[in-house]
Amino acid sequence: MNSLLLKFIFVATSLVNFIVIDIAVAATDTNPQLLLKSYAAQAKKENPSFKEFAALRGEQFYHAERLHSEGDKVSCMTCHTTNPKNIGKTRAHKEIQPMAISLNSERFSDTEKVEKWFKRNCQDVLERACSAQEKGDFIAYLLSVK
Amino acid sequence: MHIPKINTPRINSPRLFKFQILILLITITSTSALLAGNSTDGDAQSKAARSKIDNLTLVANGAWKSECGSCHLAFPPGLLPERSWRKMMRGLDKHFGENASVDEKVAREITQFLVANSADLSGNRRSTKILQSIPPDSTPLRITGINYFIRKHDEISASVLKRPKIGSAANCSACHKGAEQGDFSEHNVSIPR
Numbered sequence: 006m007n008s009l010l011l012k013f014i015f016v017a018t019s020l021v022n023f024i025v026i027d028i029a030v031a032a033t034d035t036n037p038q039l040l041l042k043s044y045a046a047q048a049k050k051e052n053p054s055f056k057e058f059a060a061l062r063g064e065q066f067y068h069a070e071r072l073h074s075e076g077d078k079v080s081c082m083t084c085h086t087t088n089p090k091n092i093g094k095t096r097a098h099k100e101i102q103p104m105a106i107s108l109n110s111e112r113f114s115d116t117e118k119v120e121k122w123f124k125r126n127c128q129d130v131l132e133r134a135c136s137a138q139e140k141g142d143f144i145a146y147l148l149s150v151k
Numbered sequence: 792m793h794i795p796k797i798n799t800p801r802i803n804s805p806r807l808f809k810f811q812i813l814i815l816l817i818t819i820t821s822t823s824a825l826l827a828g829n830s831t832d833g834d835a836q837s838k839a840a841r842s843k844i845d846n847l848t849l850v851a852n853g854a855w856k857s858e859c860g861s862c863h864l865a866f867p868p869g870l871l872p873e874r875s876w877r878k879m880m881r882g883l884d885k886h887f888g889e890n891a892s893v894d895e896k897v898a899r900e901i902t903q904f905l906v907a908n909s910a911d912l913s914g915n916r917r918s919t920k921i922l923q924s925i926p927p928d929s930t931p932l933r934i935t936g937i938n939y940f941i942r943k944h945d946e947i948s949a950s951v952l953k954r955p956k957i958g959s960a961a962n963c964s965a966c967h968k969g970a971e972q973g974d975f976s977e978h979n980v981s982i983p984r
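The listed protein sequences derive, respectively, from chains R and Z.
Under this note's numbering, the first residue of the first sequence is numbered 6, with each subsequent residue one higher.
Under this note's numbering, the first residue of the second sequence is numbered 792, with each subsequent residue one higher.
What follows is the structure, encoded as structure tokens:
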């Protein structure tokens with residue numbers, strides 16, 4: 006009886022370990038400040054006259070609407086709404102948690118995820134890749150929204 | 792000198808640790824075997840049991856859930872035939888007008904999962920009806936364009952689908968409260984105003 010209980014505890018703790026490790030691996034390998042640093046280094050390479058990121062430029066970038074080649078008016082606001090503190094909506098009508106970092110600490114905590122979404126969304130809105138400066142300005146803006 | 796025989800302490804014993812791992816593996820494999828429902832033994836019986844269940848998501852996969860599920864419901868693989876999933880996964884860079892590309896390794900994993908549990912292989916009652924409603928020479932990508940889907944939703948008007956809380960027919964979970972769990976039973980439908 007006692008050993009059965011022990012076995013059960015072992016199995017249970019192992020499972021918990023697995024789950025905890027899984028979660029730990031899935032989340033956070035970076036933060037907005039670290040990302041800004043690495044994008045700054047990239048931006049300097051792309052443009053030697055680059056000085057620093059500007060939240061204001063990021064704000065303009067976020068709100069800039071353009072005509073997509075397929076005819077729709079698109080911008081970051083299309084899915085993330087006019088205010089990054091709001092809950093957004095994908096085109097398939099699924100909720101998107103706020104982009105504002107003050108409201109959503111998960112934002113910009115996973116390098117792969119950040120790069121994946123910049124790649125997709127820059128293509129969807131701008132029909133090209135974003136520059137390191139655009140990425141940095143965007144993060145600077147989302148950090149500044151309180 | 793006489794060295795007394797010491798019983799290895801139970802908890803720190805490496806053998807017990809191995810045993811623990813073994814138990815863990817057995818638990819995982821048996822659970823996944825149960826979930827996958829691939830038992831050759833008593834297949835007819837399990838098929839009969841499964842046909843009574845509406846739940847389409849008896850199996851799950853982390854990459855499928857997180858990648859597909861970030862923009863829309865991670866649609867249960869049993870909603871489309873194998874050929875549809877393969878075509879879908881080949882065209883993720885232009886996925887219904889959006890760039891939904893994933894890296895090669897993730898794509899391979901998701902494709903494998905979708906194919907292994909596709910409508911052709913899931914054995915689910917709903918999957919069978921879906922398959923029967925698709926002409927053999929067509930490879931649909933849009934679940935909402937399948938005859939079975941259209942038939943099942945024919946009483947839902949376009950204006951209902953346009954309601955802010957619904958948006959479109961692709962937003963399963965707006966009305967199917969158990970959609971995340973693969974439950975599309977009519978008894979679990981609640982249409983938002």
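Note that beta-carbon positions come from the ideal geometry of N, C-alpha and C, so glycine has one too.
From a predicted model like this one, the values you see are computed outputs, not experimental measurements.
Can you confirm whether residue i, when its beta carbon is compared against all beta carbons of chain R, has any partner nearer than 8 Å?
i                 : result
Ala961 of chain Z : yes
Ala891 of chain Z : yes
Gly888 of chain Z : yes
Cys862 of chain Z : yes
Ile958 of chain Z : Reading the sequence as shown, one finds Gly at residue 958 of chain Z and not Ile. For Gly958 of chain Z, the answer is yes, since a Cβ of chain R falls inside 8 Å of its Cβ.
Ser830 of chain Z : At Ser830 of chain Z the pLDDT is 38, less than 50, meaning the model places this residue with poor confidence and gives no usable figure here.
With residue i and residue j assumed to form a contact (beta carbons below 8 Å), what rounded beta-carbon distance in angstroms separates them?
i                 : j                 : result
Ala134 of chain R : Phe58 of chain R  : Not a contact, Cβ separation roughly 18 Å.
Arg874 of chain Z : Thr930 of chain Z : 5 Å
Ser964 of chain Z : Leu864 of chain Z : 5 Å
Ala137 of chain R : Glu51 of chain R  : 6 Å
Gly888 of chain Z : Glu75 of chain R  : 7 Å
His98 of chain R  : Gly958 of chain Z : 3 Å
Arg942 of chain Z : Leu847 of chain Z : Rounded, the Cβ-Cβ distance is 17 Å, inconsistent with contact.
Phe143 of chain R : Phe66 of chain R  : 6 Å
So, does the CB of residue i fall closer than 8 Å to a CB anywhere in chain Z?
i                 : result
Glu75 of chain R  : yes
Arg96 of chain R  : yes
Lys99 of chain R  : yes
Asp129 of chain R : yes
Arg125 of chain R : yes
In whole angstroms, what is the alpha-carbon distance linking residue i and residue j?
i                 : j                 : result
Ser913 of chain Z : Ile921 of chain Z : 11 Å
Arg984 of chain Z : Lys956 of chain Z : 8 Å
Leu147 of chain R : Asn126 of chain R : 16 Å
Phe34 of chain R  : Val119 of chain R : According to the sequence provided, residue 34 of chain R is Asp. The question's Phe does not apply to it. If you take the alpha carbons of Asp34 of chain R and Val119 of chain R, they lie about 11 Å apart.
Glu139 of chain R : Phe940 of chain Z : 43 Å
Gly969 of chain Z : Ala961 of chain Z : 15 Å
Asn91 of chain R  : His85 of chain R  : 7 Å
Arg954 of chain Z : Phe55 of chain R  : 47 Å
Arg933 of chain Z : Lys78 of chain R  : 24 Å
Phe47 of chain R  : Leu61 of chain R  : Note that residue 47 of chain R is Gln in the sequence shown, not Phe. Their backbone Cα atoms lie some 20 Å apart in a straight line.
Leu108 of chain R : Asn938 of chain Z : 43 Å
Trp122 of chain R : Ile925 of chain Z : 34 Å
Lys878 of chain Z : Pro867 of chain Z : 16 Å
Asn890 of chain Z : Met880 of chain Z : 12 Å
Thr83 of chain R  : Gly93 of chain R  : 9 Å
Thr948 of chain Z : Asp974 of chain Z : The question names Thr, but residue 948 of chain Z is Ser in the sequence shown. If you take the alpha carbons of Ser948 of chain Z and Asp974 of chain Z, they lie about 22 Å apart.
Glu111 of chain R : Gln923 of chain Z : 44 Å
Lys151 of chain R : Asn915 of chain Z : 49 Å
Arg71 of chain R  : Gly141 of chain R : 20 Å
Asp884 of chain Z : Thr902 of chain Z : 15 Å
Asn37 of chain R  : Ala69 of chain R  : Position check: residue 37 of chain R holds Pro in this sequence, whereas Asn was assumed. C-alpha separation (whole angstroms): 22 Å.
Trp876 of chain Z : Pro53 of chain R  : 46 Å
Glu971 of chain Z : Lys856 of chain Z : 10 Å
His978 of chain Z : Pro872 of chain Z : 26 Å
Cys81 of chain R  : Leu10 of chain R  : 55 Å
Thr87 of chain R  : Leu870 of chain Z : 35 Å
Arg782 of chain Z : Ser950 of chain Z : Look at the range of chain Z in this structure, 792 to 984, and you will see that residue 782 of chain Z is not part of it.
Pro89 of chain R  : Ser149 of chain R : 11 Å
Any beta carbon from chain C within less than 8 Å of residue i's own beta carbon?
i                 : result
Gln138 of chain R : Of the protein chains in the structure, R and Z, none is chain C.
Segments of 4+ residues assigned as alpha helix (DSSP H) that fall wholly inside the stretch 115 to 145 of chain R: Whole alpha helix (DSSP H) segments, 4+ residues: 116 to 131.
Please list the segments of the alpha helix (DSSP H) lying wholly inside the stretch 871 to 898 of chain Z, counting only runs of 4 or more residues, in order along the chain. Whole alpha helix (DSSP H) segments, 4+ residues: 873 to 881.
Entirely within the stretch 899 to 937 of chain Z and at least 4 residues each: give me those alpha helix (DSSP H) ranges in chain order. DSSP runs (the alpha helix (DSSP H)) wholly in the stretch 899 to 937 of chain Z: 910 to 913 and 916 to 923.
Segment contact flag, the stretch 848 to 858 of chain Z with the stretch 897 to 908 of chain Z, C-beta cutoff 8 Å, min 3 pairs: A contact exists between the stretch 848 to 858 of chain Z and the stretch 897 to 908 of chain Z.
Is it true that the stretch 120 to 131 of chain R meets the stretch 38 to 45 of chain R, where meeting means three or more beta-carbon pairs spaced less than 8 Å apart? Touching, no.
Is it the case that the stretch 890 to 897 of chain Z contacts the stretch 83 to 103 of chain R, given that we only count it when at least three CB pairs across the two stretches are under 8 Å? Taking a contact to require three or more Cβ pairs closer than 8 Å, the stretch 83 to 103 of chain R and the stretch 890 to 897 of chain Z do not qualify as touching.
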